[in-house]
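Engineer:
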Amino acid sequence: MKRVGVVGLGDMGAGLAKNLIAAGFETAGFDLSEARLAAFEAGGGTRAASVADVGAAADVVFVMVLNGAQAKAVILGDGLAATMAPGGVVVLTATIKASEVREIAAALDGTGIALVDAPVSGGRPGAEGGTLTLMAAADDAVLDAIQPVLDAISKTVHRVGAEPGMGQTVKTCLQTLIGGIFAATYETAALAAKAGVSGQVLYDVVSSTGAGCGITNGSLANIIDRKFTNTGSHINTMHKDLTIVVDLARDLGVPLFTAATALQLFSAARARYPDGDNQVVARLLEDIVGAELKR
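Numbering of the sequence shown is given in our numbering, commencing with residue 1283 and proceeding in unit increments.
Here is the structure:
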């Protein structure tokens, strides 16, 4: 398969497209933003006039949108399903509810179009660097057929099951942990700021211990450098993911005390700083305690 497509050319989708083009795949793309389409075209992609046009031009299409409603609109109806040929594969890399993936899969049944439920982790750096981690759920035969395409955008592809929705379920579990790490990091930053600890000292200590990880270190670095926007991690995305976490936990009857608290922190910060990235949670806490953590 040489023809691929990307629907959604934001921070994540643009990175996918860049790496697919670099790997030699003919890549069609669509986004509602003219600026994003122009950048994609300048990078060697083929601009499509609509989602349906992407489907007609590609054997494999990555869908990188924000939520389930957008994913359904892109894939079903007069979207990809209307123009992709039988044997085509839709790779849903967006993070949505597992139940929404199952609805999409049921609607595609009988069309000859395969659905790969493959949410990703790694953020904008992973998308741009081609080092994303994929949690892919589909039949092995489908995954085998598109493995070279997946290799172009990822470092690790975990095959987590064959049932639609299993990829999203695994991603939801992962986001439960990531949300808790974020929340603890932001509270730590606020405590250190109020106590008069140097941001550089806190970063050096944390990053040299078992508490240091990519999430913790990256968040602390952004906080002490006062970077609260344009870091590739807009607060809307994590807020949406934590909502999915809490909804699944409610449906299954699983108490998630930390994740529920993290969601409330993100909700409060999102209301105060709607254009910010994840680190504005720390900024909100700084506002409350009247101290800032700086390098």
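Where is the CB? At the ideal position from N, CA and C, for every residue including glycine.
Between I1435 and L1414, which are expected to be in contact by the criterion C-beta below 8 Å, what is the C-beta distance as a whole number of angstroms?
Structural biologist: Counting from 1 along the sequence shown, the entry for residue 1435 is found at position 153. Counting from 1 along the sequence shown, the entry for residue 1414 is found at position 132. Right, the Cβ-Cβ distance comes to about 6 Å (below 8 Å), so this counts as a contact.
Engineer: In the DSSP output, what is R1441 paired with across the bridge?
Structural biologist: Along the sequence shown, one-based indexing puts residue 1441 at 159. According to DSSP, which records beta bridges pairwise, R1441 is partnered with A1418.
Engineer: So, using beta-carbon positions, are G1295 and M1346 closer together than 8 Å?
Structural biologist: Here residue 1295 refers to the residue found at position 13 when the sequence shown is read from its first residue. Here residue 1346 refers to the residue found at position 64 when the sequence shown is read from its first residue. Cβ atoms of G1295 and M1346: closer than 8 Å.
Engineer: By Cβ distance below 8 Å, which residues in the same chain neighbour E1568 in space, the five residues on each side in sequence not counted?
Structural biologist: Translated into positions along the sequence shown, residue 1568 becomes position 286. Hits under 8 Å: A1471, A1472, A1475, E1574 and L1575.
Engineer: Shortest alpha-carbon distance to G1327 belongs to which of G1337, V1333, G1287 and L1348?
Structural biologist: Position 45 of the sequence shown holds residue 1327. It is G1287.
Engineer: Just mark G1572 as buried or exposed, buried being the case when its beta carbon has 16 or more other beta carbons within 10 Å.
Structural biologist: Stepping through the sequence shown from its first residue, residue 1572 is reached at position 290. Exposed, because fewer than 16 other Cβ atoms sit within 10 Å of the Cβ of G1572.
Engineer: Measuring only the C-alpha atoms, how far is G1496 from G1462?
Structural biologist: One-based indexing of the sequence shown puts residue 1496 at position 214. One-based indexing of the sequence shown puts residue 1462 at position 180. Cα to Cα, the separation comes out at about 14 Å.
Engineer: Under 8 Å by Cβ, that's how I've got S1489 and N1560 pegged, so tell me the actual separation to the nearest angstrom.
Structural biologist: Within the sequence shown, numbered from 1, the residue matching residue 1489 stands at position 207. Within the sequence shown, numbered from 1, the residue matching residue 1560 stands at position 278. Contact flag wrong, Cβ pair sits at about 18 Å.
Engineer: Taking Cβ positions, are E1316 and R1285 nearer each other than 8 Å?
Structural biologist: Against the sequence shown, residue 1316 aligns to sequence position 34. Against the sequence shown, residue 1285 aligns to sequence position 3. It is not a contact, given that the beta carbons lie outside the stated cut-off.
Engineer: In the DSSP assignment, find the unbroken alpha helix (DSSP H) run with F1510 in it and report its ends.
Structural biologist: Numbered from its first residue, the sequence shown carries residue 1510 at position 228. Here F1510 belongs to no alpha helix (DSSP H), and DSSP marks it neither H nor E.
Engineer: Tell me the rounded alpha-carbon separation between L1319 and V1336.
Structural biologist: In the sequence shown, residue 1319 corresponds to position 37, counting from 1. In the sequence shown, residue 1336 corresponds to position 54, counting from 1. Approximately 13 Å between the Cα atoms of the pair.
Engineer: Do K1379 and G1408 come within 8 Å of each other at the CB atom, strictly closer than that value?
Structural biologist: Against the sequence shown, residue 1408 aligns to sequence position 126. Against the sequence shown, residue 1379 aligns to sequence position 97. Going by C-beta atoms, G1408 is not nearer than 8 Å to K1379.
Engineer: Note the first and the last residue of the continuous beta strand (DSSP E) segment covering R1285.
Structural biologist: On the sequence shown, residue 1285 is found 3 positions in, with the first residue counted as 1. Start and end: R1285 to V1289.
Engineer: Within a Cβ cutoff of 7 Å, which residues of the same chain sit near T1511, ignoring the five residues on either side of it in sequence?
Structural biologist: By one-based count along the sequence shown, residue 1511 stands at place 229. Correct list, in chain order: D1557, G1558 and D1559.
Engineer: For the segment 1396 to 1403 against the segment 1369 to 1386, are there 3 or more C-beta pairs whose distance is under 8 Å?
Structural biologist: Contact between the segment 1396 to 1403 and the segment 1369 to 1386 is present, because at least three Cβ pairs lie under 8 Å.
Engineer: Taking only runs of the alpha helix (DSSP H) that begin and end inside the segment 1335 to 1414, which ones reach a length of at least 4 residues, in chain order?
Structural biologist: Counting only runs of 4 or more, we get 1350 to 1357, 1362 to 1365, 1380 to 1390 and 1405 to 1411.
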